[in-house]
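Undergrad: One structure coming up, written as structure tokens, with questions to follow.
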Amino acid sequence: MDNNYTRKRIGEIASVFIKHGFKNKIGDPRQLRLALEELGPSFIKIGQILSTRPDLVPMEYIAELQKLQDNVNPEKFQLMKEVIESELGDAIDNIFLFFDETPIASASLSEVFLARLKTGEKVAVKVQRPYVREKMLSDIRILKKLVPLANLTSTKDIIDIRKVVEEISLATEKELNFLEEMKNILKFSKNNKDIKYITCLKVYEKYCTQKVLVMDYISGIKIDDIDKLKQEGYDLQDIALKITYNYFKQVFEDGFFHADPHPGNILVHNNTIGYIDFGLMGELEPSLVKKLNNLLEGVATNDISLMMNSLLSIGIKKGNIDRDKLYKDIEGFYNTYSNESIHDYDLSNILEEIIEIAKGNNIAMPHNIVLLAKGIITLQAVLARLDNRITLMDIALPYFRDKIIKDKLKELDYSQLAVLLYTTLKSAVQIPNKLVEFLNSSVDGRLKFYLDLKNMGETFNAINKMVNRLIISIIVAGLLVSSSLVINANVGLKIHGISAIGILGYLGAAFAGFILLISIFKSGKL
């Protein structure tokens, strides 16, 4: 782009923003959206990127930016054909048996076409619009030049303009490189290959470049087309439950999740659920997943301290933190919602409040946590369309409580547990004799401390019986608790669908309890 274009574009950008009330202060959210739409595809995409960043932009602007429409007229096919052939180094007719020149989807950055490879596979071909990369990068360079001017206005008190432009630049580079999306599809497919009700896309790496992406074509029903789903005989509640459990798996087990699960990106076909458009994905490091699980364990077990410490470990400290204030804020927030029915929770409000609590205590949430919040809010809207009797929270708390038990059991080393159980039982059997020896040594030991007590033998016998009963009671309690955990975790060999280990534990507890009762009744004392 030459200097004349740059100067002209700067004038155009400045003129549009001034027109919409951004001369000395930031305009209202609607005016910002209108300004971005007027400035064209590059700025529409920039606005869409910002709509995923409530950590950078106030929530009232986020809500408005999410209304940005990406409906753009298709490019002339000859221009798109030139991009395909330039990227793949061959004529379309040599690669594809059939290629529909009318796009099935058209957006600001790319268009998607239906085609069939020479090898017979029906595919979707995503092609970047010509020169869109150069135009977007040019607009971002211009925005960087305008940052000092923006910081002279009161806008800087609401939005960190420099930080926003930096984040837009990074996000745009990823969006413009289709090889990043290819990697996302491959990783998602690997993580979900064993989930029978999830369709995993195949990508044809041989035909993928920075500007062209070739993948399986999925023909299905949009997940919000309720009438058509009903006509096809789908169970809407079943779909809602499956998509929710899978999303929890993506987040809390895989640490890799679809960050934009809106209805246009989810299709139902052949009794499976298929995601499309993997341009926006969230990724959580294993350590961050563990911290998130700790936070949810705190919620599930009403542990305010665990919630606070988890939030501190997840967030980025931006200043001094008053732990007492943070504790009270979290406690107040938790108490507000603990008195309501789970079904009445407004998840979007909950997540917004958590982000505000963090901000109010000098804690910034990492970008991927913010992406997760956006994804969950979007998914809640999808669930509401499928079955308004179900909310994410209806499923979330039982899921997390069950997951906590399973995770704790997975952490157990069963060989060490067996050794520990053996040594504990062996030691427990020796307790009465050891106690008698200890008492004898106290009486007859080197301290020369003598007691003249009558009926000491009867006293020892009573202590012996008491300790024996205590040991049996502990063993019974331990067997009952451990057996319940094993049965709930649904692990190991099954007898009529119930864990054999758990059944043996219950039988052992019953036998030990029976011995204890006989001992008590024989003594004549309860």
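Numbering (this note's numbering), first residue to last: 3 to 528.
The C-beta atom is built at its ideal place from N, Cα and C for all residues, glycine as well.
Treat the numbers as computed from the prediction; the structure is a model and nothing was measured.
#1: Return the CA-CA distance between Gln239 and Met395, expressed in angstroms with no decimal places.
#2: Counting pairs of Cβ atoms below 8 Å between the stretch 301 to 316 and the stretch 375 to 391, do you hit three or more?
#3: Could you tell me which whole alpha helix (DSSP H) segments of length 4 or greater appear in the stretch 227 to 290?
#4: Thinking just about the alpha-carbon of each residue, which of Lys213, Asn322, Tyr206 is nearest to the one in Glu175?
#5: Mind checking which residues open and close the alpha helix (DSSP H) that includes Glu207?
#6: Can you look up Gln212 in the DSSP assignment and give me helix, strand or coil?
#7: Please say whether Ala117 and Val129 have beta carbons closer to each other than 7 Å?
#8: Comparing alpha-carbon positions, which option in Leu52, Leu70, Ile94 lies nearest Phe79?
#9: Are Pro263 and Leu111 close, meaning C-beta to C-beta below 7 Å?
#10: Using only the alpha-carbon positions, how far apart do Val18 and Arg35 sit?
#11: Counting Cβ pairs, one atom from each stretch, are 3 or more of them under 8 Å apart for the stretch 370 to 387 and the stretch 247 to 265?
#12: Within 10 angstroms of the Cβ of Tyr7, are there 16 or more other Cβ atoms? Answer buried if so, exposed if not.
#13: Is it the case that the Cβ atoms of Lys230 and Ile223 are separated by a distance below 7 Å?
#14: According to DSSP, Phe115 sits in a beta bridge with which residue or residues?
#15: State yes or no: is the C-beta of Met61 within less than 7 Å of the C-beta of Glu354?
#16: Assuming the contact rule is C-beta atoms closer than 8 Å, Arg143 and Leu178 should be a hit. Round their C-beta distance to whole Å, please.
#17: Just to confirm, is the Cβ distance from Gly317 to Met367 under 7 Å?
#18: Please tell me whether Phe98 and Pro105 are closer than 7 Å, where the distance is taken between their beta carbons.
#19: Does DSSP classify Leu99 as helix, strand or coil?
#20: State the Cα-Cα distance for the pair Lys244 and Ile46, rounded to the nearest angstrom.
#21: Note the first and the last residue of the continuous alpha helix (DSSP H) segment covering Pro31.
#22: Helix, strand or coil, according to DSSP, for Lys2 in the structure here?
#23: Using a Cβ-Cβ cut-off of 6 Å (strictly less than) and excluding sequence neighbours within five positions of Ala364, which residues of its own chain qualify?
TA: So, from the data block:
#1: In the sequence shown, residue 239 corresponds to position 237, counting from 1. In the sequence shown, residue 395 corresponds to position 393, counting from 1. Roughly 15 Å separates the two Cα atoms.
#2: no
#3: 228 to 233, 238 to 251
#4: Taking the first residue of the sequence shown as position 1, residue 175 is located at position 173. Considering only alpha carbons, the answer is Lys213.
#5: Counting from one through the sequence shown, the residue named residue 207 turns up at place 205. Run containing Glu207: none; DSSP gives neither H nor E here.
#6: Taking the first residue of the sequence shown as 1, we reach residue 212 at position 210. Correct three-state label for Gln212: coil.
#7: Within the sequence shown, numbered from 1, the residue matching residue 129 stands at position 127. Within the sequence shown, numbered from 1, the residue matching residue 117 stands at position 115. Not a contact, by the Cβ cut-off of 7 Å.
#8: For the purposes of this step, residue 79 is taken as residue 77 along the sequence shown, with counting starting at 1. Taking only the C-alpha atoms, the option nearest Phe79 is Ile94.
#9: Along the sequence shown, one-based indexing puts residue 263 at 261. Along the sequence shown, one-based indexing puts residue 111 at 109. The answer is no: Cβ separation not under 7 Å.
#10: In the sequence shown, the residue the question calls residue 18 occupies position 16. In the sequence shown, the residue the question calls residue 35 occupies position 33. Cα-Cα distance, rounded: 11 Å.
#11: yes
#12: For the purposes of this step, residue 7 is identified with residue 5 of the sequence shown, where counting begins at 1. That one is exposed.
#13: Position 228 of the sequence shown, counting from 1, holds the residue named residue 230. Position 221 of the sequence shown, counting from 1, holds the residue named residue 223. Taking 7 Å as the Cβ cut-off, Lys230 and Ile223 qualify as a contacting pair.
#14: As a working note, residue 115 is residue 113 in the sequence shown. The partner list for Phe115 (beta bridge, DSSP) reads Val127.
#15: Here the question's residue 61 lines up with position 59 in the sequence shown. Here the question's residue 354 lines up with position 352 in the sequence shown. Result yes, Cβ atoms of Met61 and Glu354 sit closer than 7 Å.
#16: By one-based count along the sequence shown, residue 143 stands at place 141. By one-based count along the sequence shown, residue 178 stands at place 176. The pair is not a contact, with the Cβ atoms about 14 Å apart (cut-off 8 Å).
#17: Residue numbering aside, residue 317 sits at position 315 when the sequence shown is read from its first letter. Residue numbering aside, residue 367 sits at position 365 when the sequence shown is read from its first letter. Going by C-beta atoms, Gly317 is nearer than 7 Å to Met367.
#18: Mapped onto the sequence shown, residue 98 falls at position 96. Mapped onto the sequence shown, residue 105 falls at position 103. Not in contact: Phe98 and Pro105 (Cβ atoms no closer than 7 Å).
#19: Locating residue 99 in the sequence shown gives position 97, counting from the first residue. Strand.
#20: Here residue 244 refers to the residue found at position 242 of the sequence shown. Here residue 46 refers to the residue found at position 44 of the sequence shown. So the alpha carbons of these two residues sit roughly 33 Å apart.
#21: Within the sequence shown, numbered from 1, the residue matching residue 31 stands at position 29. That run of the alpha helix (DSSP H) goes 31 to 40.
#22: Residue 2 lies beyond the range of the chain shown here (3 to 528); nothing can be said about it.
#23: Working through the sequence shown from its first residue, we reach residue 364 at position 362. Per the sequence presented here, residue 364 reads as Asn, with Ala not at that position. Excluding sequence neighbours, Asn364 sits near Lys320, Gly321, Ile323.
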